[in-house]
Amino acid sequence: MFRFKANANNKTMDTKSKGATTENKSDEPTTSQPIFAPPHHYQPVSAAALSDDQQEKLDRLQEHMNTMLLPPTHEYFDNEKRFLTAGTLNRYMRARKWDYEAARTMLENTVKWRREYRPDQLDPEYIKPEACSKRKGVKILETSRFRTWR
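Here the numbering used here is used: the sequence shown runs in plain steps of one and ends on residue 150.
Quick look at the structure:
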């Protein structure tokens with residue numbers, strides 16, 4: 001639960017209940033005090049071990065992507081190699097619920113798109129006006145009478 005500091009008496013306002021204040025406990029973070037380190041009792045959750053079938057699919061995907069890589073003399077080879085890490089392959093397999101063909105197709109399309117547009121080589125000054133503009137989407141009123149953003 002995220003809490004906002006309400007007043008100087010160290011009372012906080014609960015974002016789930018409107019206007020209700022509760023005493024702040026010392027172990028709960030507030031927005032007025034930065035948190036520079038995790039709590040001493042924090043234990044990060046490690047990733048679950050892959051099954052043999054999942055590891056085999058991951059290895060097959062790695063082999064396939066290695067055959068699809070640009071030649072080492074190509075100017076974009078290093079960027080593509082940096083993108084196709086084990087973590088990326090794992091994310092694509094998980095996104096497709098370990099369906100090898102779906103993950104392979106999705107990853108191939110992503111690599112083709114990255115070769116064409118080269119998003120990692122975009123000049124920050126070129127995209128700055130779009131990133132800094134206040135208009136992030138177009139607010140429209142659907143037939144269901146709920147606002148949606150596009």
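All residues carry an ideal CB built from backbone N, CA and C; glycine is no exception. Since the model is a prediction, treat every value here as computed from it, not as a measurement.
Cβ pair residue i, residue j closer than 8 Å
{"i": "residue 61", "j": "residue 106", "result": "no"}
{"i": "residue 126", "j": "residue 57", "result": "no"}
{"i": "residue 70", "j": "residue 63", "result": "no"}
{"i": "residue 83", "j": "residue 115", "result": "no"}
{"i": "residue 68", "j": "residue 130", "result": "no"}
Status (buried if at least 16 other CB within 10 Å, exposed otherwise) for residue i
{"i": "residue 122", "result": "exposed"}
{"i": "residue 91", "result": "exposed"}
{"i": "residue 15", "result": "In this prediction, residue 15 has a pLDDT of 48, which is less than 50 and means its spatial position is unreliable; what the coordinates show is noted afterwards. Residue 15 comes out exposed."}
{"i": "residue 103", "result": "buried"}
{"i": "residue 4", "result": "Its pLDDT being 48, under 50, residue 4 is placed unreliably by the model, and nothing is read from it."}
Option nearest residue i by Cα separation, candidates the options
{"i": "residue 47", "options": "77, 34, 83, 87", "result": "87"}
{"i": "residue 76", "options": "133, 128, 32, 118", "result": "118"}
{"i": "residue 53", "options": "129, 132, 108, 97", "result": "97"}
{"i": "residue 120", "options": "38, 78, 59", "result": "78"}
{"i": "residue 85", "options": "42, 73, 59", "result": "59"}
Interface flag, residue i vs chain C, CB-CB below 8 Å
{"i": "residue 113", "result": "Any reference to chain C falls outside this structure, which holds one protein chain only."}
Alpha helix (DSSP H) segment containing residue i, residue limits
{"i": "residue 86", "result": "86-95"}
{"i": "residue 127", "result": "124-132"}
{"i": "residue 75", "result": "That residue, residue 75, is in no alpha helix (DSSP H); it is neither H nor E in DSSP."}
{"i": "residue 115", "result": "100-117"}
{"i": "residue 58", "result": "52-68"}
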